[in-house]
Amino acid sequence: MNVDICYGNSQRLGVPLGFGGPHAAFFSCAESFKRDMPGRLVGLTIDSHGAKAYRLALQTREQHIRQERATSNICTAQALLANMVAMYCLYHGRQGLRNIATKIHILTCDLAESLKAGGNSIKNEIFFDTLKIKPIMSIDEIKQRAKEKRINLRYYDNGSIGISLDETMNESDVADLKWIFNVENKLSNETNIDPRDFGNLTRQSRFLNAEIFNKYRSETKLMRYMKQLENKDLSLVHSMIPLGSCTMKLNAAAELIPCSWAHINRLHPFAPSSQWKGYARLLKDLDQFLCEITGYDKISFQPNSGAQGEYAGLRVIRAYHEHQGEPQRRICLIPISAHGTNFASATMAGMKIEKIQLDKKGAVDMKHLKQLAEKFKDTLACGIVTYPSTSGVFEETVRELCEIVHHYGGQIYLDGANMNAQVGLCRPGDYGSDVSHLNLHKTFCIPHGGGGPGMGPIGVKKHLVPFLPNHPLLDKNSEFNSKHSYGPVSSAPFGSASILPISWMYIRMMGGAGLRRATETAILNANYIAKRLESSYKVLFLGTNGFAAHEFIIDVSRFKERANIEAVDIAKRLQDYGFHAPTVSWPVSGSLMIEPTESEDKDELDRFCDALIEIRKEISQIESGKYDKKNNPLKNAPHSQHVFLHEKWLLPYSLQKAVFPIDFVSPNNKFWPSCGRVNDVYGDKNLKCRVD
């Protein structure tokens, strides 16, 4: 078809409607556009043994590296939902999907023929599963008959009606639809119906050709394959994940149970409001809970991720200034240490970025902030602040920062990524923030392993409430709609609504005292690790009292000159000790950012500390000359089973040192990395994202 770009929603490939989500979108393009694509790309490369391995490809396009020059602000990948779709396609295969599509199309043809025979007009003669009908009956009569059958239809303003069929429907459902339109059910035998001729639009090429899509046709085999893949993942079921600014905390089983309930995950996002009174109560409860926690006056649940929440919040600020008669206010002040999404989101929202420098302690340089605010006093739209800062410190000047920006006519956007250090202790709305997003998939326990599903609602102060995202399918007078909105940011009114019960359950089960205790414990855990590591590594930034917030940064850049060791080498070596890496070289080059969360007990914290201390000893052995700077346990990490199953042991250290480097790593609990160190350069030069 010579199409350059193709995108859509993969929901109908085995994922529940979920009152709007979560779903994985898909995006594909011609070869010439590959380096301009938004979002995450998983590509094939080779590891240190020459074996195939997959990893994130072309990351230099992305916000965490390119900031305002990135191809998008995306940092959340809907990995869980993409995996569900993948398993659906594996199970059905090419022929199974063809059979499903053929059934849907034939049922649609059956319905179309009966409607036409009854005098109704089909407005779209070329169709697959969706019909637009001009009925001969009155709309009111059709609505009444549809209500009797408990069926929702789409009603256009011009009097037409939309119907879309899917794989869950059968001949009985089609018969009900015919009854609603008062037409005869003549063509009930599928074999009597001829599918439409799509001409040159009919697909001729083969698809899902890889062997993997033709192997698993039973639940037993598919389950075993999924387990095989799971065994490759180092996850929270193995050990803590200390990724700084990611808040990889416990996702309790009890919180997840409601997501499996039919009345949570089978509701259509465009259903009449009379059919989602339970969701309305849930949304009101969460609005109340989150407003009380944050100090804001209203919450919008429409954004599907933190990055989308940033974009939504910044658009709210723009709409506010335009309503105030100051559309020229488009300057956005952002600290140079901010999350990459801040820069990318501001650019997407049509703002011009001015970067604020930091002082020697990693805090916002208040003098430089004042200079910028004064310079752009007539065009200042907002300032973006992260609290605690990305340096892992509670900046004591945060209230003053907000006051300066407000004084010069701007608004304050708070990046809510570090809210796990604030809940129950302080409220953004109290110290000067006007709007921020809340990462429910961080602070409020929605799982986000692999990137998603995310949920990034935004909270605003009273003066910004009229500018929150709205939705064309919500009643204009609905309490969930806004008067002066710039429009929606998601196709569903409440984003990925079916995962909201997770956060509702978390807040209700914890209560105010429990939430505060969680915050205190997260801060305590971070400071405990920092204290244990301070004799082995340099902790970069601490507050005036000598403490970090819920995360902290250790500097490892000095090892480069002495031992040829970089942050990535330590990150890879941690896999041999059974740990996921901390955040690498951000926000400071040559550093590791560590966030333990409140979920880990002292034993686990000590194991992690012991691992890093032992790795520091290994670096010392390189510095002393015991190990070569290019051939040592860190440079060769991670050590997969391939090392001793397929090769002679020729490394200048023992097998024991390589794979069982400390007492708590034993054959009984060893997590084996599934590949050696991946070759990122090879993968980016030879980009391949298809499965053979």
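1284 is the number of the first residue of the sequence shown in our numbering; add one for each residue after it.
For every residue, glycine included, the Cβ atom is placed at its ideal position computed from N, Cα and C.
**Report entry** residue 1459 versus residue 1307 - alpha carbon distance
**Finding:** Translated into positions along the sequence shown, residue 1459 becomes position 176. Translated into positions along the sequence shown, residue 1307 becomes position 24. Taking the straight line from one Cα to the other gives about 31 Å.
Query raised in the report: According to DSSP, which residues form a beta bridge with residue 1257?
Result: Nothing can be reported for residue 1257, as the shown portion of the chain is limited to 1284 through 1975.
Query - Selected residue, minimal CA-CA separation from residue 1833, among 1946, 1801, 1848 - result: Counting from 1 along the sequence shown, the entry for residue 1833 is found at position 550. The candidate whose alpha carbon is nearest that of residue 1833 is 1801.
Query raised in the report: Run through DSSP, which three-state label would residue 1466 get?
Result: Walking along the sequence shown from the start, residue 1466 turns up at place 183. The answer is coil: DSSP assigns residue 1466 none of H, G, I, E or B.
Query raised in the report: Are the CB atoms of residue 1861 and residue 1964 nearer to each other than 8 Å?
Result: Within the sequence shown, numbered from 1, the residue matching residue 1861 stands at position 578. Within the sequence shown, numbered from 1, the residue matching residue 1964 stands at position 681. Taking 8 Å as the Cβ cut-off, residue 1861 and residue 1964 do not qualify as a contacting pair.
Report task. Go ahead and pull the three-state DSSP assignment for residue 1473. Result -> For the purposes of this step, residue 1473 is taken as residue 190 along the sequence shown, with counting starting at 1. For residue 1473, the pLDDT reaches just 49, beneath the cut-off of 50, and the residue's location in the model is therefore unreliable, leaving the point undetermined.
Query raised in the report: residue 1604: buried (16+ other C-beta within 10 angstroms of its C-beta) or exposed?
Result: As a first step, residue 1604 is located in the sequence shown; it is residue number 321 there, counting from the start. Buried, since its Cβ has 16 or more Cβ neighbours within 10 Å.
Query raised in the report: Around the Cβ of residue 1294, are there at least 16 other Cβ atoms within 10 angstroms (buried) or fewer (exposed)?
Result: Looking up residue 1294 in the sequence shown gives position 11. Per the 10 Å Cβ criterion, buried.
Query raised in the report: Under 8 Å between the Cβ atoms of residue 1389 and residue 1478?
Result: The sequence position of residue 1389 within the sequence shown is 106, counting from 1. The sequence position of residue 1478 within the sequence shown is 195, counting from 1. In this structure, residue 1478 lies closer than 8 Å to residue 1389 by Cβ.
Requested in this report: Could you check what DSSP says for residue 1698 in three-state terms: helix, strand or coil?
Outcome: Within the sequence shown, residue 1698 is the residue found at index 415, counting from 1. Of the three classes helix, strand and coil, the one that applies to residue 1698 here is strand, per DSSP.
Query raised in the report: First and last residue of the alpha helix (DSSP H) that includes residue 1804?
Result: To locate residue 1804, count along the sequence shown from 1; it is residue 521. 1783 to 1816 is the span of the alpha helix (DSSP H), which, as asked, contains residue 1804.
Query - Counterpart residues of residue 1290 in DSSP-defined beta bridges - result: To locate residue 1290, count along the sequence shown from 1; it is residue 7. Bridge partners of residue 1290: 1310.
Query raised in the report: Counting along the chain, where does the beta strand (DSSP E) carrying residue 1349 start and finish?
Result: Along the sequence shown, one-based indexing puts residue 1349 at 66. That residue, residue 1349, is in no beta strand (DSSP E); its alpha helix (DSSP H) goes 1346 to 1349.
Query raised in the report: residue 1802 CB to nearest chain C CB: under 8 Å?
Result: In the displayed structure, chain C is absent; only one protein chain is listed.
Report task. Consider the C-beta atom of residue 1652 and the heavy atoms of the ligand NAD; say whether any pair is separated by less than 7 Å. Result -> As presented, the structure is devoid of all ligands, the ligand NAD included, so that no description of it is given.
Query raised in the report: Below 8 Å between beta carbons: does that hold for residue 1921 and residue 1966?
Result: Here the question's residue 1921 lines up with position 638 in the sequence shown. Here the question's residue 1966 lines up with position 683 in the sequence shown. No. Outside cutoff.
Query raised in the report: What is the DSSP secondary structure of residue 1719, reduced to helix, strand or coil?
Result: Position 436 of the sequence shown, counting from 1, holds the residue named residue 1719. Strand, per DSSP.
Query - the region 1415 to 1433 contacting the region 1372 to 1379, beta-carbon criterion three pairs below 8 Å - result: Here the region 1415 to 1433 makes no contact with the region 1372 to 1379; the two share fewer than three CB pairs at distances below 8 Å.
Query raised in the report: Just reading off the alpha helix (DSSP H) that residue 1927 is part of, what are its end residues?
Result: As a position in the sequence shown, residue 1927 is number 644, starting the count at 1. Looking at the DSSP string, the run of the alpha helix (DSSP H) that includes residue 1927 is 1925 to 1928.
Requested in this report: From the DSSP output, in three-state form, read off residue 1755 for me.
Outcome: By one-based count along the sequence shown, residue 1755 stands at place 472. Residue 1755 falls in the coil class under three-state DSSP.
Query raised in the report: Whose C-beta lies closer than 8 Å to the C-beta of residue 1407 among residues of the same chain, with five residues either side of it excluded?
Result: For this step, residue 1407 is matched to residue 124 along the sequence shown. Excluding sequence neighbours, residue 1407 sits near 1413, 1414, 1415.
Report task. Please list, in chain order, all residues of the same chain as residue 1473 whose beta carbon is under 8 Å from its beta carbon, the five residues on each side excluded. Result -> Reading the sequence shown from its first residue, position 190 is the one you call residue 1473. Caution applies to residue 1473, whose pLDDT of 49 falls short of 50 and renders its modelled position unreliable; the model cannot decide the point.
Report task. Could you pull the start and end residues of the beta strand (DSSP E) that residue 1616 belongs to? Result -> Counting from 1 along the sequence shown, the entry for residue 1616 is found at position 333. First-last of the beta strand (DSSP E) with residue 1616: 1614 to 1618.
Query raised in the report: Which partner residues of residue 1437 appear in the DSSP bridge assignment?
Result: Residue mapping note: residue 1437 aligns to position 154 of the sequence shown, counting from 1. Beta-bridge pairing links residue 1437 to 1445.
Query raised in the report: What's the C-alpha gap between residue 1843 and residue 1918?
Result: For the purposes of this step, residue 1843 is taken as the residue at position 560 of the sequence shown. For the purposes of this step, residue 1918 is taken as the residue at position 635 of the sequence shown. Residue 1843 and residue 1918: Cα-Cα distance of roughly 12 Å.
Query raised in the report: Hey, residue 1864 and residue 1857: beta-carbon distance below 8 Å or not?
Result: Position 581 of the sequence shown holds residue 1864. Position 574 of the sequence shown holds residue 1857. In contact: residue 1864 and residue 1857 (Cβ atoms closer than 8 Å).
Query - Beta-ladder partner(s) of residue 1838, from DSSP - result: Stepping through the sequence shown from its first residue, residue 1838 is reached at position 555. According to DSSP, which records beta bridges pairwise, residue 1838 is partnered with 1821, 1874.
**Report entry** Runs of beta strand (DSSP E) wholly within the region 1469 to 1521 (minimum 3 residues, chain order)
**Finding:** none
Query raised in the report: To which residues of the same chain is residue 1769 closer than 6 Å at the C-beta, ignoring the five residues directly before and after it?
Result: Here the question's residue 1769 lines up with position 486 in the sequence shown. 1598, 1602, listed in sequence order.
Query - Of the listed residues 1886, 1882, 1936, 1923, nearest to residue 1904 (C-alpha basis) - result: Taking the sequence shown and counting its residues from 1, the one referred to as residue 1904 is at position 621. Check the Cα spacing between residue 1904 and each of 1886, 1882, 1936, 1923: the tightest is with 1936.
Query raised in the report: What number of angstroms, rounded off, separates the C-alpha of residue 1899 from the C-alpha of residue 1379?
Result: Along the sequence shown, one-based indexing puts residue 1899 at 616. Along the sequence shown, one-based indexing puts residue 1379 at 96. Looking at the two C-alpha atoms, the distance is approximately 54 Å.
**Report entry** Whether residue 1823 touches residue 1871 by CB criterion (8 Å)
**Finding:** Numbered from 1 along the sequence shown, position 540 holds the residue referred to as residue 1823. Numbered from 1 along the sequence shown, position 588 holds the residue referred to as residue 1871. A contact, by the Cβ cut-off of 8 Å.
Report task. Can you grab the Cα-Cα spacing for the pair residue 1690 / residue 1322, in whole Å? Result -> Within the sequence shown, residue 1690 is the residue found at index 407, counting from 1. Within the sequence shown, residue 1322 is the residue found at index 39, counting from 1. Rounded to the nearest angstrom, the two C-alpha atoms are 37 Å apart.
Query raised in the report: Quick one: Cα of residue 1248 to Cα of residue 1383, how far?
Result: With the chain represented from 1284 up to 1975, any question about residue 1248 goes unanswered, as that position is not in the structure.
Query - C-alpha distance - residue 1285 paired with residue 1377, whole-angstrom precision - result: Looking up residue 1285 in the sequence shown gives position 2. Looking up residue 1377 in the sequence shown gives position 94. Going from the Cα of residue 1285 to the Cα of residue 1377 covers about 22 Å.
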